[in-house]
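Chemist:
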Amino acid sequence: MGKARRTPAAAATRKGPHPGAKKPPEPPGGARGDRASKGKAPPRQKAREAESPGPEEEEQQQQQQGGALALGAQQDRWLQFLKRQRVSGEEAAKLLLDTFEYQGLVKHTGGCHCGSVRFEVWASADLHVFDCNCSICAKKQNRHFIVPASRFKLLKGADDLATYTFNTHCAKHTFCKTCGIQSFYTPRSNPDGYGIAPHCLDEGTVRSVTIEAINGKEWEKAIKAHPTIKTLSKP
Ligand SMILES: [Zn+2]
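Here it is in structure tokens:
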């Protein structure tokens, strides 16, 4: 239950160029027919672009795709891995980083009601949710769990969001312009992270929800009483 980890098998289904494919870079303007049209010599630069990359260029390509890392004895294995899994250096690095940094976490997905706003967020399957009674949270019945910004990714809807602020203007109350739902926001307690509405997550990845009341009505007092709340958005 609650398993949403990205697996190498899933990544392997990704299509696209990879360092193993020795394909010359696509010349700008789709001028791949240059070779066929012999006779008139293409401009020097164009000819260069249409040719296969030399060893130097190939090395440059590899470096751009992750070979620039000091991989040492793992260099060959890394390149073989990219080839076998048909992933780019960037995709492989993401896979590795996700696996390492998000150990024990699951990838939840969620969004607003109309579907304009969609996001993914890495968090525990057992959510610790704050129920705040401040002026705005009370009115919209805001409950949220906090994550570092690095674990949250807006998949779509950046232009569909409206932002409401008041008082200190520290919290950014973001909501969908179409359906009005606040599926995530930037809390005043954690301006470097996000507060996610557990009730806006898709089904299937939440194992349990623990709700803790926060006395946001007396904000300064509440934050003093919960000194660890600020650490929740630290990467
Ligand atoms: Zn919406």
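Numbering (numbering that gives the first Met the number 0), first residue to last: 0 to 234. For each residue, glycine too, the CB sits at the ideal point set by N, CA and C. Please read these numbers as outputs of a predicted model, since none were measured by experiment.
(1) In whole angstroms, what separates the C-alpha of residue 128 from that of residue 208?
(2) Determine the closest residue to residue 228 out of 199, 187, 182, with distance taken between C-alpha atoms.
(3) So if I measure from each beta-carbon to every heavy atom of ligand 1 and keep distances below 6 Å, which residues remain?
(4) Relative to the alpha-carbon of residue 194, which residue among 101, 130, 115 has its alpha-carbon at the smallest distance?
(5) Taking the CB atoms as reference points, tell me whether residue 172 and residue 181 lie closer together than 8 Å.
(6) Please identify the residue among 151, 213, 179, 149 whose C-alpha is closest to the C-alpha of residue 239.
(7) Could you tell me which whole alpha helix (DSSP H) segments of length 4 or greater appear in the stretch 186–228?
(8) Would you give the residue range spanned by the alpha helix (DSSP H) that residue 96 belongs to?
(9) So the beta strand (DSSP E) residue 117 belongs to, where does it begin and stop?
(10) Since residue 130 is in the beta strand (DSSP E), which residue starts that stretch and which ends it?
(11) Can you tell me which of 75, 155, 102, 231 puts its alpha carbon nearest to the alpha carbon of residue 113?
(12) What are the residues that DSSP puts in a beta bridge with residue 153?
(13) Using three-state DSSP, classify residue 69 as helix, strand or coil.
(14) So, with DSSP's three-state summary, where would you put residue 160?
(15) Are the CB atoms of residue 201 and residue 148 within a distance shorter than 8 Å?
(16) Does residue 139 come out as helix, strand or coil in the three-state DSSP assignment?
(17) Locate the alpha helix (DSSP H) running through residue 82, then write down its first and last residues.
(18) Do you know offhand how far residue 217's Cα is from residue 132's?
(19) Pull the bridge partners of residue 109 from the DSSP assignment, please.
(20) Look at residue 81 and residue 91 and say whether their C-beta atoms are less than 8 Å apart.
(21) Mind checking whether residue 136 and residue 160 have CB atoms under 8 Å apart?
(22) How far does the beta strand (DSSP E) with residue 173 in it reach, from first residue to last?
Modeler: Taking the structure as given:
(1) Our two residues, residue 128 and residue 208, have alpha carbons roughly 7 Å apart in a direct line.
(2) The residue with the shortest Cα to Cα distance from residue 228 is 187.
(3) Taken from the N-terminal end onward, the list reads 111, 112, 113, 115, 116, 175, 177, 178, 180.
(4) Closest by alpha carbon: 130.
(5) It is a contact, given that the beta carbons lie within the stated cut-off.
(6) With the chain running from 0 to 234 in the structure shown, residue 239 is simply not present.
(7) At a cut-off of 4 residues, the continuous stretches assigned as alpha helix (DSSP H) that sit fully inside the stretch 186–228 are 218–224.
(8) Residues 88–100.
(9) Residue 117 -> beta strand (DSSP E) spans 117–122.
(10) Start and end: 125–131.
(11) Looking only at 75, 155, 102, 231, the smallest Cα-Cα distance to residue 113 is reached by 155.
(12) The partner list for residue 153 (beta bridge, DSSP) reads 118.
(13) In this structure, DSSP gives residue 69 a state outside helix and strand, which the three-state scheme calls coil.
(14) Three-state result, residue 160: strand.
(15) Cβ atoms of residue 148 and residue 201: not closer than 8 Å.
(16) DSSP, reduced to helix, strand and coil, places residue 139 within a helical segment of the structure shown.
(17) Per DSSP, residue 82 belongs to the alpha helix (DSSP H) from 74–84.
(18) In a straight line, the C-alpha of residue 217 is about 9 Å away from that of residue 132.
(19) Note: residue 109 sits in a beta bridge opposite 118, 200.
(20) Yes.
(21) No, these two residues do not count as a Cβ contact at 8 Å.
(22) Taken as a continuous stretch (DSSP letters only), the beta strand (DSSP E) holding residue 173 covers 172–175.
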